[in-house]
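J.: Numbering (the working numbering) for the sequence shown: 234 to 571.
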Amino acid sequence: MNILITGSSGFIGSALTMRLLERGDTVIGIDNHNDYYDPSIKEQRLKRHSDHPNFTHLNINIHDKTELENCFKKFDINRVVNLAAQAGVRYSIENPMAYIESNIVGFANILECCRHNQVEHLVYASSSSVYGASTAMPFSVHQNVNHPLSLYAASKKSNELMAHTYSHLYGLPTTGLRFFTVYGPWGRPDMALFQFTKSIIENKKFDVFNYGKHRRDFTYIDDIVEGVVRVLDKPANPNLEWDSNYPDSATSIAPWRIYNIGNNQPIELMDYIGAIEKRLGKKADINFLPLQPGDVPDTFADVSSLVEDFNYKPSTKIETGVKNFVDWYLEFFQIQGY
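Below is the structure:
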């Protein structure tokens, strides 16, 4: 199986690449190594699998249509996992055009390349942020998500709609995965777990928004990868019972599907921080602030569709996942005394 992974030096992309190589697939990884966060960690992630005989790395930006087309022409791609995107809710307020370029134009290029190269399944990263202003918990893929609170969220909702048109018009099987706050070893430096851990170790005060009352459905990286692999191996099929009078938002008469991948167990942010404190044996110094624009107070994934269709549900407990991350962090940065 020749599998193209975009964002292959990213947090999820690198972990997924390793998993697919381990089971014998050939992986073509593309990543532009941008500087949204320190590119050095991307280089270190890449080193974990760059020497594998079945791995090819290409430095490509997905909004460069010509380079992307050349990649598809050169390699006989069977399946695609699109993880390349401009990430970050708050950054989308500062630099909205970065999201249009990567998440909209770039994704359109991916769809076009899949269409013209007979790709058998496109799996792409959506986000729990698409639920926006919704307060109906848990978040279900069967509910409407028409009120995003950030351009990042809007771009991910747009990806789902764009994919549907390609599934409908060209018969391209597409599956969107709404990830819920992914964390774990090799995580992104701009994410809360990385920043909190760094600040506690360095005795620095750090900001916690919404006065620490956030609840998040934190999902461990290994659970995310397992979910992606299971979905990738089962191309989306049409829902032959789909009724336009009572439309289901997660399925279609076209080969198009949407799933949540979350832990199905929201955690209080202060409990999350408490797990870091417990592992380090050290208290955090916190500056509590109001809810930030674009943020949502709570996330909670209904994963019943994932369980029904793939017999899978993420299960890593927060204490285990946080400990694994802190252990990795201490080793990666060679910090002694903990």
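Cβ atoms here follow ideal geometry from the backbone N, Cα and C, with glycine treated the same way.
Given the structure is predicted, the values throughout are model-derived calculations rather than measurements.
1. List the whole-angstrom C-beta distance separating Phe533 from Phe372, where the pair is believed to meet the contact cut-off of C-beta under 8 Å.
2. Quick one: using the 10 Å Cβ neighbour count with 16 as the cut-off for buried, is Gln569 buried or exposed?
3. Taking Cβ positions, are Glu393 and Ser359 nearer each other than 8 Å?
4. Following the continuous beta strand (DSSP E) through Thr289, name the residue where it begins and the one where it ends.
5. Please state if the CB of Ile500 and the CB of Arg449 are separated by a distance shorter than 8 Å.
6. Measure how close the beta-carbons of Ile454 and Phe244 come, nearest whole angstrom, since I'm counting them as under 8 Å.
7. Report yes or no: is there a C-beta of chain B within less than 8 Å of the C-beta of Leu253?
8. Of all the options Tyr492, Asn287 and Pro422, which has the alpha carbon lying nearest to the alpha carbon of Phe543?
9. Does the beta-carbon distance from Ile261 to Leu237 come in below 8 Å?
10. Indicate whether Ala317 and Ile295 have their beta-carbon atoms separated by less than 8 Å.
11. Determine the DSSP secondary structure at Tyr453, reduced to helix, strand or coil.
12. Between the Cα of Asn315 and those of Val322, Arg278, Asn287 and Leu355, spot the shortest distance and give me the residue it belongs to.
13. Should Lys306 and Asn342 be called a contact, given that it needs their Cβ atoms to be closer than 8 Å?
14. Quick check: Phe521 and Gly445, are their CB atoms within less than 8 Å of each other?
15. Run through the DSSP bridge pairs and tell me what His354 is partnered with.
16. Among Tyr403, Val441 and Leu291, which has the Cα closest to the Cα of Pro488?
17. Using DSSP bridges, identify the partner residues of Leu237.
18. My assumption, with CB atoms under 8 Å, is that Thr414 sits in contact with Phe451. Please give the rounded CB distance.
19. CA-CA distance, Met395 and Asn557?
20. Can you tell me whether Gly257 is buried or exposed? The criterion is at least 16 other CB atoms within 10 Å of its CB, across all chains shown.
21. What does the alpha-carbon distance come out to for the pair Lys511 and Ile519?
22. How far does the beta strand (DSSP E) with Val441 in it reach, from first residue to last?
23. For Thr289, which option in Tyr270, Ser383, Tyr505 and Asp309 has the closest C-alpha, if you only look at C-alpha atoms?
24. For Tyr364, count neighbouring Cβ atoms within 10 angstroms of its own Cβ and tell me buried if that reaches 16, exposed if not.
T.: Concretely, from the data shown:
1. 6 Å
2. exposed
3. yes
4. Phe288 to Leu291
5. yes
6. 7 Å
7. In the structure shown, chain B cannot be found, because there is only a single protein chain.
8. Tyr492
9. yes
10. yes
11. strand
12. Leu355
13. no
14. yes
15. Arg312
16. Tyr403
17. Ile261 and Val313
18. 5 Å
19. 37 Å
20. exposed
21. 16 Å
22. Phe439 to Val441
23. Asp309
24. buried
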